[in-house]
Amino acid sequence: MEVIACYSNKGGVGKTATSVNLAHALAEGGKRVLLCDLDPQGASSFYFRVKPSKKLDEARFFEDVARFTKAIRASDFERLDILPANMSFREFDAFLARVRNKRSRLKKALKAVGNDYDVIVLDCPPNISALSENVFKAADRIIVPVIPTTLSARTFEQLIEFFDENGLRRRKLAPFFSMVEARKSLHLETMKEMRTRYRKLFLDSAVPYSSDIERMGLHRAPVRSYAAKRPAGRAYAALYEEVSGKGAK
Amino acid sequence: MKLNKPERRTLLVLPGRIDLGEVQPGGPLRLELEPPQEAGAFTLLDDFSQSLQRSGRALLQLGDELILLGADGEVPSQSAARDGAFVHDLAPGQVRDALDDISPLRALLEVASGTAQVQQAALLDDEDKTQVRAELRVLSSPEGEVTLIAVEHMRGYDKAHESLLAALAARGAHMEQGMIGEWLAPGREAYVSKPVVPLGEGRTAHDVAVGIIRAYLGVARRNEAGTIADHDTEFLHDYRVALRKIRSVLSLFKGVFPDEETARFKAAFSDLMAPTGQLRDLDVYLLEKDAYFNLLPESLHDGLAEMFRQFQEERDAAQRKLARRFRSRAYAARMAEIEAEFAGGDLPRGPKADLPAHDYASALIWKRYRKVCKIARGIDAQTPDDEVHELRIGCKKLRYLVEFFAPLFPDAELATVLKPLKKLQDNLGLFNDYSVQQGALRAFVETHQGRTRQDDIETALAVGGLVTVLHDRQKAERARVAKRFGKFDSDEVREAARALFHGSEG
Ligand SMILES: Nc1ncnc2c1ncn2[C@@H]1O[C@H](COP(=O)(O)OP(=O)(O)O)[C@@H](O)[C@H]1O
Ligand SMILES: [Mg+2]
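In the order they appear, the protein sequences are chains A and S. According to the working numbering, the stretch in the first sequence is residues 129 to 377, in order. According to the working numbering, the stretch in the second sequence is residues 58 to 563, in order.
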């Protein structure tokens, strides 16, 4: 069971868009996938038309596997389930700790109720004020959408520093350029600069700025289900290929 | 396809079609029905004795896929590719594995065929989220229609799933998938190779004899078409067994008909039997083909192959000849005549015709039983083979009698006698088969000529090898006879036999 987190220490960069489309592509590729929507706003759940779960008794939520699995919903796509978690930050942290420490137990428990997932995708909530060490430890891979702007470059630098200072393995990080606008020379320059600076760290594939992605909110479905052949759909396919090729066991 | 996706899938069947729109299964949910799509041809398969349907299963070929409905657990499926009509002719796969209980001698025949239509249905909530899905597959044959409904449970949406299942159940859908043959090909008559003839109160020996003869005449006639079509060798086999049983009724039920009538009937049935013997013999040799190849070293295989080539040629000719006979007007007229004779209520009566069936049966069986025991007790290592053959025939007659009258006697006691009798018969049967085969092989060498002299030498060598092996086996079976009879001649069996058939004195 591989855990892939979509994370950024910056908001509105495309974490949810990435989680939704990557989870969908993984499931299409034959993996059994659980997408955990850890955002209290329930953005990924919204894209899959899954209603947010009722506020569960927090203290016991993670103790009780039955409750946990009861909250899981099948998406309309084969092999892809959603956990509409509806969590506060504290709960989120506790959840990650559980994933990290009791992964084998969690896996066993899920298997026992007929959910043997190959991949768990975490759509991390916005506004985690601190850099969440629990995310870094719980995940096997951390996909980081980076908008190629000067500001984003600074934020990413902070993330790298945090990793280095805390002895975390940089190699877990899989940053990619998100919302790329090819006509903006600033975007192209920033990308070139960052690729040179963090050699081999950035994924080759990048996701363009695209109205097809914006329209996810209208379609309420992953991009590839309505625009597989268009640039945005192809970009997510390429991202999936790279992520599963690099990290899949 | 979803039919064979076992997780979270419930497979229901329903006669005819269902209009989900009319059923309103959703409550607050919205039903979305896609237009039906043509999905190619289907064929429903079963053997002649309906082994699959009787065990609650249905073997379906849908396009190039083969699926087995009604099996325990998952729905086995595999490629429909096959190079013959038997289970062992199927490509290796789940379905073939799941059919290992089907007789290797019985061909899978087409029960019904037609076209399939597939329609997807879903129930959605107010966010347009799908909560349960169903795939409806309508199979239409010229005689009937059936709908297979695969309902897919989606995690977290139990209520929608349950309400759809309940709505379908209310419309008569259920999980007895083996039923679909009844709906796609209604009115087929079940085939029973051993019909039970009712032997109620007040029946006379004459009633029983006529009843058995009528029933087995019916069995013989049911096997004519399959023999003509040459689906498998069991048709002719069952045909002959049915006639043999009739003949044994005629010879065993002494005094039920006047003697001259009995003789006339016997001659009539022997005339029916006679033209079938050659084909059956050749069928039996050919069924032994693989076994014979396994008995001999490879150096003798050329000769065997040549011999079986000749057998096969003869067999095909014999089959054509018999099929011609079965199709002839003369045969049809003769069968109709015999059937009419036994259908009438005024068959001539012999001196024992009016004895109550039970008394008559008990006396006959008891006499036969004692005769068998007498022969068997005299058999030791030195006894000539002829007497072993006599024992075999005696056992066969005893078995027929017991089975004819079985409904008159309590099952448990009857089983006590029948079980060791069957074992003894298996042993005697093998002894006889090995002996008959040796004779037949020798006769083959004497009467056949291959295409070249070399062919003849090779087959003679192969036959020599086979006769040696078969002779050894026959000796081994022979050595077992006394022991097997010992088991049949136990105190327990003796007491059961006395209580069953000689009650008044026991
Ligand atoms: N590549 C893209 N092109 C255009 N719009 C995008 C793209 N990625 C995300 N968006 C839009 O940007 C907004 C924020 O994206 P989202 O995935 O929710 O970010 P996050 O989860 O990091 O907060 C959403 O309205 C989304 O539709
Ligand atoms: Mg988000």
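For glycine and all other residues, C-beta sits at the position ideal for the given N, C-alpha and C.
Worksheet item: Using a beta-carbon distance below 8 Å, is S:Thr-67 in contact with chain A?
Response: Position 10 of the second sequence, counted from the start, is the residue given in the question as residue 67 of chain S. So no, S:Thr-67 is outside the interface.
Worksheet entry | Cut-off 6 Å between Cβ atoms - residues of its own chain near S:Ala-380, not counting five sequence neighbours on either side | Along the second sequence, read from residue 1 onward, the residue named residue 380 of chain S stands at position 323. Contacts found: Ile-285.
Practice prompt. Put S:Cys-452 into one of helix, strand or coil per three-state DSSP.
Written response: Taking the first residue of the second sequence as 1, we reach residue 452 of chain S at position 395. Correct three-state label for S:Cys-452: helix.
Worksheet item: Mind pulling the chain A residues with CB within less than 7 Å of S:Met-568?
Response: Chain S is shown from 58 up to 563; residue 568 of chain S falls before or after that span and cannot be answered.
Worksheet item: Rounded C-beta distance between A:Asp-204 and S:Lys-186? I'm assuming under 8 Å.
Response: The residue labelled residue 204 of chain A in the question sits at position 76 within the first sequence. The residue labelled residue 186 of chain S in the question sits at position 129 within the second sequence. Correct: roughly 7 Å between the Cβ atoms.
Discussion item. Shorter than 7 Å, the distance from the beta carbon of A:Ser-136 to the closest heavy atom of ligand 1, or not?
Written reply: As a first step, residue 136 of chain A is located in the first sequence; it is residue number 8 there, counting from the start. Yes, the beta carbon of A:Ser-136 sits closer than 7 Å to at least one heavy atom of ligand 1.
Discussion item. On the CB-based measure, 16 or more other CB atoms within 10 Å of its CB, does S:Ile-514 come out buried or exposed?
Written reply: Numbered from its first residue, the second sequence carries residue 514 of chain S at position 457. Label assigned to S:Ile-514: exposed.
Worksheet item: Given that A:Lys-179 touches chain S, what residues does it touch there, using C-beta distances under 7 Å?
Response: On the first sequence, position 51 is the one that residue 179 of chain A refers to. In chain order: Glu-184.
Item to complete: Would you decide whether S:Ile-422 is buried or exposed? Buried here means 16 or more other CB atoms lie within 10 Å of its CB.
Response: Residue numbering aside, residue 422 of chain S sits at position 365 when the second sequence is read from its first letter. S:Ile-422 is buried by the Cβ-count criterion.
Worksheet entry | 7 Å CB neighbourhood of A:Ala-187 in its chain, flanking five on each side removed | To locate residue 187 of chain A, count along the first sequence from 1; it is residue 59. With a pLDDT of only 48 at A:Ala-187, under the threshold of 50, the placement of this residue in the model should not be trusted; the figure read from the coordinates follows. Taken in chain order, the list of residues that qualify is empty.
Item to complete: Give a yes or no on whether 8 Å exceeds the smallest Cβ distance from A:Asp-209 to chain B.
Response: Looking at the structure shown, chain B is missing, and the protein chains on hand are A and S.
Item to complete: Identify every residue that forms a DSSP beta bridge with S:Phe-99.
Response: Stepping through the second sequence from its first residue, residue 99 of chain S is reached at position 42. Within the DSSP secondary-structure output, S:Phe-99 pairs in a beta bridge with S:Leu-119, S:Gly-171.
Practice prompt. Could you name the residues of the same chain whose beta carbon sits closer than 6 Å to that of S:Arg-434, not counting the 5 residues immediately before and after it, in chain order?
Written response: Along the second sequence, read from residue 1 onward, the residue named residue 434 of chain S stands at position 377. Correct list: empty, nothing qualifies.
Practice prompt. Find the nearest neighbour of S:Val-520 within the set S:Gln-494, S:Arg-535, S:Gln-531, S:Arg-508, judged by alpha-carbon distance.
Written response: To locate residue 520 of chain S, count along the second sequence from 1; it is residue 463. Relative to S:Val-520, the option among S:Gln-494, S:Arg-535, S:Gln-531, S:Arg-508 whose CA is nearest is S:Gln-494.
Practice prompt. For S:Val-187, return the contacting residues in chain A, with the cut-off set at a CB-CB distance below 8 Å.
Written response: Sequence index remark: in the second sequence, residue 187 of chain S carries index 130 (1-based). First, the amino acid is wrong: residue 187 of chain S is Thr here, not Val. Within 8 Å Cβ-Cβ: Asp-204.
Worksheet item: In chain order, what residues of the same chain lie with their CB nearer than 7 Å to the CB of S:Pro-332, ignoring the 5 residues before and after it?
Response: On the second sequence, residue 332 of chain S is found 275 positions in, with the first residue counted as 1. Excluding positions up to five away in sequence, the list reads Leu-379, Arg-382.
Item to complete: Pick helix, strand or coil for S:Glu-549, following the three-state DSSP scheme.
Response: Residue mapping note: residue 549 of chain S aligns to position 492 of the second sequence, counting from 1. Three-state result, S:Glu-549: helix.
Fill in: Pair within 8 Å by beta-carbon distance, S:Leu-68 and S:Leu-126
The residue you call residue 68 of chain S lines up with position 11 of the second sequence. The residue you call residue 126 of chain S lines up with position 69 of the second sequence. Cβ distance < 8 Å, so S:Leu-68 and S:Leu-126 count as in contact.
Worksheet entry | As assigned by DSSP and simplified to three states, the class of S:Arg-114 | Along the second sequence, one-based indexing puts residue 114 of chain S at 57. The answer is coil: DSSP assigns S:Arg-114 none of H, G, I, E or B.
Discussion item. Measuring only the C-alpha atoms, how far is S:His-446 from S:Ser-547?
Written reply: The residue labelled residue 446 of chain S in the question sits at position 389 within the second sequence. The residue labelled residue 547 of chain S in the question sits at position 490 within the second sequence. If you take the alpha carbons of S:His-446 and S:Ser-547, they lie about 22 Å apart.
Worksheet item: Roughly how many angstroms lie between the CA atoms of S:His-559 and S:Leu-101, to the nearest whole one?
Response: For this step, residue 559 of chain S is matched to residue 502 along the second sequence. For this step, residue 101 of chain S is matched to residue 44 along the second sequence. Cα to Cα, S:His-559 sits roughly 50 Å from S:Leu-101.
Discussion item. Using the three-state DSSP reduction, which class does S:Gly-563 fall into: helix, strand or coil?
Written reply: Your numbering for residue 563 of chain S matches position 506 in the second sequence. Reliability fails at S:Gly-563, whose pLDDT of 36 lies under 50, so the model's placement of it is uncertain and no value is given.
Item to complete: Rounded to whole angstroms, what's the CA-CA distance from S:Pro-72 to S:Ala-169? Just pull it up for me.
Response: Numbered from its first residue, the second sequence carries residue 72 of chain S at position 15. Numbered from its first residue, the second sequence carries residue 169 of chain S at position 112. So the two alpha carbons sit approximately 14 Å from each other.
Discussion item. Shorter than 7 Å, the distance from the beta carbon of A:Glu-317 to the closest heavy atom of ligand 1, or not?
Written reply: Translated into the one-based positions of the first sequence, residue 317 of chain A becomes position 189. Not so, every heavy atom of ligand 1 lies at least 7 Å from the Cβ.
Item to complete: Just confirm the distance between the C-beta atoms of A:Thr-324 and A:Thr-277, as a whole number of angstroms; I'd bet it's less than 8 Å.
Response: Within the first sequence, numbered from 1, the residue matching residue 324 of chain A stands at position 196. Within the first sequence, numbered from 1, the residue matching residue 277 of chain A stands at position 149. That belief does not hold up - the Cβ atoms of A:Thr-324 and A:Thr-277 are roughly 17 Å apart, past 8 Å.
Discussion item. With three or more C-beta pairs closer than 8 Å as the rule, is the region 296-305 of chain A touching the region 329-341 of chain A?
Written reply: yes
Worksheet item: Hey, is A:Thr-146 close to ligand 2, as in C-beta under 7 Å from one of its heavy atoms?
Response: Locating residue 146 of chain A in the first sequence gives position 18, where the first residue counts as 1. Flag unset: Cβ of A:Thr-146 not near ligand 2.
Worksheet item: Quick one, are the C-beta atoms of S:Leu-123 and S:Gln-135 less than 8 Å apart?
Response: Stepping through the second sequence from its first residue, residue 123 of chain S is reached at position 66. Stepping through the second sequence from its first residue, residue 135 of chain S is reached at position 78. Against a cut-off of 8 Å, the Cβ pair of S:Gln-135 and S:Leu-123 comes out as a contact.
Practice prompt. Identify, in the order they occur along the chain, each residue of the same chain with its Cβ nearer than 6 Å to the Cβ of A:Asp-246, setting aside the five sequence neighbours on each side.
Written response: Within the first sequence, residue 246 of chain A is the residue found at index 118, counting from 1. The residues are Lys-159, Arg-160.
Item to complete: Tell me whether the beta-carbon of S:Glu-363 lies closer than 8 Å to the beta-carbon of S:Thr-525.
Response: As a position in the second sequence, residue 363 of chain S is number 306, starting the count at 1. As a position in the second sequence, residue 525 of chain S is number 468, starting the count at 1. For S:Glu-363 and S:Thr-525, no; Cβs fall outside 8 Å.
Discussion item. Rounding to the nearest angstrom, what Cα-Cα distance links S:Gly-257 and S:Ala-272 in this structure?
Written reply: For the purposes of this step, residue 257 of chain S is taken as residue 200 along the second sequence, with counting starting at 1. For the purposes of this step, residue 272 of chain S is taken as residue 215 along the second sequence, with counting starting at 1. Each residue's Cα considered, the two are about 16 Å apart.
Worksheet item: Can you name the residues of chain A whose CB is closer than 9 Å to the CB of S:Tyr-214?
Response: Translated into positions along the second sequence, residue 214 of chain S becomes position 157. Below the 9 Å Cβ cutoff, chain A contributes Arg-201, Ala-202 as neighbours of S:Tyr-214, in chain order.
Discussion item. So, for A:Gly-157: in the same chain, excluding its five sequence neighbours on each side, which residues have a beta-carbon less than 8 Å away from its beta-carbon?
Written reply: Counting from one through the first sequence, the residue named residue 157 of chain A turns up at place 29. Counting only Cβ-Cβ distances below 8 Å, and skipping sequence neighbours, we find Tyr-368, Ser-372.
Item to complete: Determine, using beta-carbon pairs with one atom in the region 335-348 of chain S and one in the region 475-485 of chain S, whether at least three such pairs fall under 8 Å.
Response: no
Practice prompt. Answer with buried or exposed for S:Asp-416, where buried requires no fewer than 16 other C-beta atoms within 10 angstroms of its C-beta.
Written response: Residue mapping note: residue 416 of chain S aligns to position 359 of the second sequence, counting from 1. Looking at its Cβ environment, which holds fewer than 16 other Cβ atoms inside 10 Å, S:Asp-416 is exposed.
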